[in-house]
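Everything in the sequence shown is counted per our numbering, starting at 48 for the first residue and increasing by one. Accompanying notes for the structure given below.
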Amino acid sequence: MTISEIKKSAKAKLIGTYIKCSMATLLYFIVVMILTYIQRFLVSIIPNTIVNTLVEAIFAILSLLLGYGIIVNIIELTDVKTNSITDFINTTIKNTTKYIKTLLTAIMKMIVPLIIFILSGFYLLGTIVAYINKIKFLCFSQTLLPLAIIIFVLTFIVLLYFLLNYILIPYVYYSHKELSYKEIVQKSANIMKGHKLQFVLLIISFLNLFLIASIIMLILNLFLPITQYITPFIIVFYCLLKPYVIISELEFFESLGE
Numbered sequence: 048m049t050i051s052e053i054k055k056s057a058k059a060k061l062i063g064t065y066i067k068c069s070m071a072t073l074l075y076f077i078v079v080m081i082l083t084y085i086q087r088f089l090v091s092i093i094p095n096t097i098v099n100t101l102v103e104a105i106f107a108i109l110s111l112l113l114g115y116g117i118i119v120n121i122i123e124l125t126d127v128k129t130n131s132i133t134d135f136i137n138t139t140i141k142n143t144t145k146y147i148k149t150l151l152t153a154i155m156k157m158i159v160p161l162i163i164f165i166l167s168g169f170y171l172l173g174t175i176v177a178y179i180n181k182i183k184f185l186c187f188s189q190t191l192l193p194l195a196i197i198i199f200v201l202t203f204i205v206l207l208y209f210l211l212n213y214i215l216i217p218y219v220y221y222s223h224k225e226l227s228y229k230e231i232v233q234k235s236a237n238i239m240k241g242h243k244l245q246f247v248l249l250i251i252s253f254l255n256l257f258l259i260a261s262i263i264m265l266i267l268n269l270f271l272p273i274t275q276y277i278t279p280f281i282i283v284f285y286c287l288l289k290p291y292v293i294i295s296e297l298e299f300f301e302s303l304g305e
């Protein structure tokens with residue numbers, strides 16, 4: 048299937064359920080925002096850095112689990128397998144253990160470039176701060192800055208490659224519940240072989256909607272003081288777009304015969 052065919056098929060699936068999908072996305076957004084607020088509150092009152100890191104890791108995993116939950120909720124709303132816009136919470140709870148194992152397996156497969164990326168990013172940041180403040184640190188030598196930039200860029204490309212390998216994990220997990228978490232990760236990588244560019248082009252194809260939304264805001268701003276309403280506008284846009292993106296990704300996945 049071409050990208051236009053994938054998106055056309057996604058639109059057809061959303062007919063009759065689009066409002067429910069958008070409402071489910073809004074609830075998901077609210078839950079994630081509440082969790083983010085709780086996380087920031089806990090970090091602000093806990094002085095221990097190690098504990099703070101642990102708290103942030105836990106909330107990051109919760110967000111990823113909820114991300115899977117909303118994907119399933121929207122898929123089942125479009126397939127009329129459910130009428131509930133809160134099923135993403137039940138889905139999240141039911142799939143916690145296995146989905147975490149699946150995500151950790153994927154992360155471990157790209158742990159080396161991830162560590163190098165983080166270290167090179169830290170080195171770049173440290174060097175820039177030292178340069179701006181005119182402070183000389185032996186560990187932040189400006190002579191090694193070009194090498195650090197090259198390593199940073201290369202590891203970013205490698206990480207992007209790995210992320211594209213595992214981008215379909217939620218859809219494989221949902222469609223092949225009989226597979227083990229290791230098999231799910233491997234199957235996602237196998238499916239994406241030779242299809243990474245097409246997926247990237249699919250995601251890029253949604254940029255025109257961002258452009259349209261930006262133009263609408265600029266036009267409205269000529270007549271109305273909407274600057275203070277930009278956050279609600281972004282939330283509404285997100286809730287309207289996410290179901291379309293999810294079902295398009297599902298169509299992409301199914302178009303590969305999986």
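We treat Cβ as the ideally placed atom computed from N, Cα and C, and that holds for glycine.
message = Give me the residue from Leu244, Val247, Leu288, Asn237 with the minimum Cα distance to Ile259.
response = Position 212 of the sequence shown, counting from 1, holds the residue named residue 259. Minimum Cα distance to Ile259 is reached at Leu288.
query = Under a three-way DSSP split, which group does Leu226 fall into?
reply = On the sequence shown, residue 226 is found 179 positions in, with the first residue counted as 1. Three-state DSSP puts Leu226 in coil, outside helix and strand.
query = Can you check whether the CB of Tyr146 is closer than 8 Å to the CB of Tyr115?
reply = Taking the sequence shown and counting its residues from 1, one reaches residue 115 at position 68. Taking the sequence shown and counting its residues from 1, one reaches residue 146 at position 99. Contact flag set, yes.
query = Leu171 to Ile196, Cα distance in whole Å?
reply = Looking up residue 171 in the sequence shown gives position 124. Looking up residue 196 in the sequence shown gives position 149. Answer to the nearest angstrom: the Cα atoms are 7 Å apart.
inquiry  = Assuming Met155 is part of the alpha helix (DSSP H), what are its boundary residues?
reply    = Residue numbering aside, residue 155 sits at position 108 when the sequence shown is read from its first letter. That run of the alpha helix (DSSP H) goes 143-156.
task = Return yes when the C-beta of Ile162 is under 7 Å from any heavy atom of the ligand GDP, and no when it is not.
result = The ligand content of the structure shown is nil, which means the ligand GDP is not present either.
key: Spatial neighbours of Leu73 in its chain, beta-carbon cut-off 7 Å, leaving aside the 5 residues before and after   = Taking the first residue of the sequence shown as position 1, residue 73 is located at position 26. Correct list, in chain order: Cys286.
task = Tell whether a beta-carbon distance below 8 Å holds between Tyr221 and Val119.
result = Taking the first residue of the sequence shown as position 1, residue 221 is located at position 174. Taking the first residue of the sequence shown as position 1, residue 119 is located at position 72. Yes, these two residues count as a Cβ contact at 8 Å.
message = Between the segment 203-218 and the segment 289-302, can you find at least three pairs of beta-carbon atoms closer than 8 Å?
response = yes
request  = Given a cut-off of 8 Å, decide if Val78 and Leu113 are closer than it, judged by their beta-carbon atoms.
outcome  = Indexing the sequence shown from 1 puts residue 113 at position 66. Indexing the sequence shown from 1 puts residue 78 at position 31. Cβ atoms of Leu113 and Val78: closer than 8 Å.
ask   = Leaving out five residues before and five after Met48 in sequence, what residues of the same chain have Cβ atoms less than 6 Å from its Cβ?
value = Position 1 of the sequence shown, counting from 1, holds the residue named residue 48. Answer for Met48: Ser302, listed in chain order.
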